[in-house]
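Visitor: Residue numbers (the working numbering), protein chains in the order written: chain A, 332 to 432; chain B, 14 to 219.
Here's a structure for you.
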Amino acid sequence: MSVLTSDHTALRPLGFAWLALLGLTALSLGLGIHWHGQGGLPLIVAGILWLKGWLVVRYFLEVGSVHPFIRRVLLAFIAITPLCLALTTLFAAQFARWASL
Amino acid sequence: MQAELDSPPCALLTAPVTPPVESGRVPGNKGIWVGICCEFVEFLVLFAVYFIARAHFPEAFEAGSERLSRVSGTLITVLMLTSSFCLACAVHTVRAGRRRASVAWLGAGLLIALGYPVAKVLEIQWNLAHGIDGEAGIFFTVYYYLTFNHLVHAVWGILGMIWVMLRHVFGAYSAEDHAGLEALASYWHATDLIWLVIFPFFYVLV
Chain A
332 MSVLTSDHTA
342 LRPLGFAWLA
352 LLGLTALSLG
362 LGIHWHGQGG
372 LPLIVAGILW
382 LKGWLVVRYF
392 LEVGSVHPFI
402 RRVLLAFIAI
412 TPLCLALTTL
422 FAAQFARWAS
432 L
Chain B
14 MQAELDSPPC
24 ALLTAPVTPP
34 VESGRVPGNK
44 GIWVGICCEF
54 VEFLVLFAVY
64 FIARAHFPEA
74 FEAGSERLSR
84 VSGTLITVLM
94 LTSSFCLACA
104 VHTVRAGRRR
114 ASVAWLGAGL
124 LIALGYPVAK
134 VLEIQWNLAH
144 GIDGEAGIFF
154 TVYYYLTFNH
164 LVHAVWGILG
174 MIWVMLRHVF
184 GAYSAEDHAG
194 LEALASYWHA
204 TDLIWLVIFP
214 FFYVLV
């Protein structure tokens, strides 16, 4: 575990990001169990989903240093699904009507 | 190189000071990013199927996730996140010129990633034992459709890891040239991102 304890290390932020991702996974799981059926749950899960995606692209994929096109693709991808989740929760009936054949 | 060979095993896991990376770069190579973009588009289409099915059959989706094994979903999430972390460390250590440490991180990432197909097989056995097959309803059809697709992409990544591992062991990558390793890591992180979406869709939300 020295990788997570030594100072001046480039791996330390990766370790913190990994722990944060595990923590957020546990949090979303706990919310799913305890807030079963609550209307606001999808909105909170959407927020956690975006945060987890941001941690992966920020620390593992180093989005800050990549080509602008790749940066836009990654940031758009992590934003689209939480946004769709929030919108389809808030406007479920309208979306179902709109998506009917 | 000699200093690295002489260092004790625990020192291989101590973190190096990674040199700063250039801005505006393409991690790995352009080809892998074409593949990643195609993978994102493919899964966005599948996510659209999920949202449309969920909007039309909210009761089926509410009841469905209660029947799935949350333990399996959580285990796969932990395996994906941890192997992704190991691959990120493998890239950072090779960048800092610590090849042996990088091989060790990549080996750890591969071993952990191999747990994913094992966990998935166990989950499917559990599902079938509980009457959850492809004809169990719309929720499970979408669930199998998305998770099998993800498994296929993960298996490609695992095969890539084995190939890159062999090359890495035989000294193909260095601090100056490790595009293949970084391309693999980028693909695996992208596959991880997709799983992070799938996990709440089926195991958390009701």
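Every residue gets a Cβ at the ideal spot worked out from N, C-alpha and C, and that includes glycine.
Under three-state DSSP, which class holds I67 of chain B?
Guide: With the sequence shown as reference, residue 67 of chain B is identified as Arg, and Ile is not the correct amino acid for it. Residue state, collapsed to three classes: helix.
Visitor: So, under 8 Å CB-CB, L194 of chain B and V104 of chain B are touching, yes? Tell me the CB distance rounded to an integer number of Å.
Guide: About 6 Å separates the two Cβ atoms, so the contact holds.
Visitor: Since C51 of chain B meets chain A, which of its residues come closer than 8 Å, beta carbon to beta carbon?
Guide: Correct list: empty, because the minimum Cβ distance to chain A is about 11 Å.
Visitor: With 16 other CB atoms within 10 Å as the buried threshold, where does S36 of chain B fall?
Guide: Exposed: under 16 other Cβ atoms inside 10 Å.
Visitor: Going by DSSP in three states, V47 of chain B sits in which element: helix, strand or coil?
Guide: Three-state result, V47 of chain B: helix.
Visitor: Within the 9 Å Cβ cut-off, does A427 of chain A reach chain B?
Guide: It does; some Cβ of chain B falls within 9 Å.
Visitor: Can you tell me whether V58 of chain B is helix, strand or coil according to DSSP?
Guide: Helix at V58 of chain B.
Visitor: Comparing alpha-carbon positions, which option in B:R80, B:L209, B:W201 lies nearest G144 of chain B?
Guide: Residue B:R80 is the option with its Cα nearest to G144 of chain B.
Visitor: Give me the subset of the region 191-208 of chain B whose CB atoms are less than 7 Å from a CB atom of chain A, sorted by chain position.
Guide: Residues passing the 7 Å Cβ filter: S199, H202, D205, L206.
Visitor: Give the single residue among B:V39, B:A196, B:K133, B:I65 whose Cα lies nearest to the Cα of V84 of chain B.
Guide: Of the listed residues, the one whose Cα sits closest to V84 of chain B is B:K133.
Visitor: Taking only beta-carbon atoms, is L416 of chain A less than 9 Å away from chain B?
Guide: Closer than 9 Å to some Cβ of chain B, the Cβ of L416 of chain A qualifies, so yes.
Visitor: Pick out whichever of B:V155, B:V39, B:D146 has its Cα sitting closest to the Cα of V62 of chain B.
Guide: Measuring from the Cα of V62 of chain B, the nearest candidate turns out to be B:V155.
Visitor: Is it true that the CB of P130 of chain B sits closer than 9 Å to the CB of V168 of chain B?
Guide: Yes, Cβ-Cβ distance for V168 of chain B and P130 of chain B is below 9 Å.
Visitor: Rounded to whole angstroms, what is the Cα-Cα separation between L372 of chain A and L380 of chain A?
Guide: So the alpha carbons of these two residues sit roughly 12 Å apart.
Visitor: Under a three-way DSSP split, which group does R38 of chain B fall into?
Guide: In the structure shown, R38 of chain B sits in a strand (DSSP, three-state: E or B).
Visitor: For W176 of chain B, count neighbouring C-beta atoms within 10 Å of its own C-beta (all shown protein chains included) and say buried if the count is 16 or more, exposed if not.
Guide: Looking at its Cβ environment, which holds fewer than 16 other Cβ atoms inside 10 Å, W176 of chain B is exposed.
Visitor: Would you report the Cα separation of A360 of chain A and V165 of chain B, rounded to the nearest angstrom?
Guide: For clarity, residue 360 of chain A is Leu in the given sequence; the question names Ala instead. Approximately 25 Å between the Cα atoms of the pair.
Visitor: Anything in chain B within Cβ reach of H398 of chain A, meaning under 7 Å, just list it in chain order.
Guide: What H398 of chain A touches in chain B: G37, R38, V39.
Visitor: Please give the ranges of any alpha helix (DSSP H) in the region 136-215 of chain B, keeping only runs that are unbroken, at least 4 residues long and fully inside the region.
Guide: Counting whole runs of 4 or more residues, the region 136-215 of chain B contains the alpha helix (DSSP H) stretches 151-182, 192-212.
Visitor: So, for G120 of chain B: in the same chain, excluding its five sequence neighbours on each side, which residues have a beta-carbon less than 8 Å away from its beta-carbon?
Guide: These residues qualify, in order along the chain: M178.
Visitor: Could you check which residue in A:A348, A:A351, A:A357, A:L382 has the C-alpha nearest to that of L88 of chain B?
Guide: Answer by Cα proximity: A:A357.
Visitor: Which residues of chain B have a Cβ atom closer than 9 Å to the Cβ of G363 of chain A, listed in chain order?
Guide: Going along chain B in sequence order, the residues near G363 of chain A (Cβ under 9 Å) are S78, R83, P213, Y216, V217, L218, V219.
Visitor: Going along chain B in order, which residues have a C-beta closer than 9 Å to the C-beta of A410 of chain A?
Guide: Result: empty, since nearest Cβ-Cβ is about 11 Å, beyond 9 Å.
Visitor: Name, please, each residue of chain A whose Cβ falls closer than 7 Å to the Cβ of F152 of chain B.
Guide: Simply none; closest approach about 15 Å.
Visitor: Tell me where the alpha helix (DSSP H) around V387 of chain A begins and ends.
Guide: Here V387 of chain A belongs to no alpha helix (DSSP H), and DSSP marks it neither H nor E.
Visitor: Quick one, which residues of the region 370-391 of chain A are near chain B if we go by CB-CB under 8 Å, in chain order?
Guide: If the cut-off is 8 Å between Cβ atoms, the region 370-391 of chain A has L372, P373, V376, I379, L380, K383, G384, V387, V388, Y390, F391 near chain B.
Visitor: Are at least three pairs of beta-carbons, each pair with one atom in the region 374-389 of chain A and one in the region 414-421 of chain A, less than 8 Å apart?
Guide: These segments touch.
Visitor: I believe F408 of chain A touches L206 of chain B by the beta-carbon criterion, under 8 Å. Please report the beta-carbon distance rounded to the nearest angstrom.
Guide: That belief holds up - the Cβ atoms of F408 of chain A and L206 of chain B are roughly 7 Å apart, short of 8 Å.
Visitor: Beta-carbon of L421 of chain A versus every beta-carbon of chain B: anything under 9 Å?
Guide: Answer no: the Cβ-Cβ gap between L421 of chain A and chain B never drops below 9 Å.
Visitor: Taking C-alpha atoms, which residue in B:G86, B:N140, B:F98 lies nearest to A203 of chain B?
Guide: Comparing Cα-Cα distances from A203 of chain B to each of B:G86, B:N140, B:F98, the minimum goes to B:F98.
Visitor: From B:F60, B:F74, B:S82, pick the residue whose C-alpha is nearest to that of H163 of chain B; which is it?
Guide: Comparing Cα positions, the closest option is B:F60.
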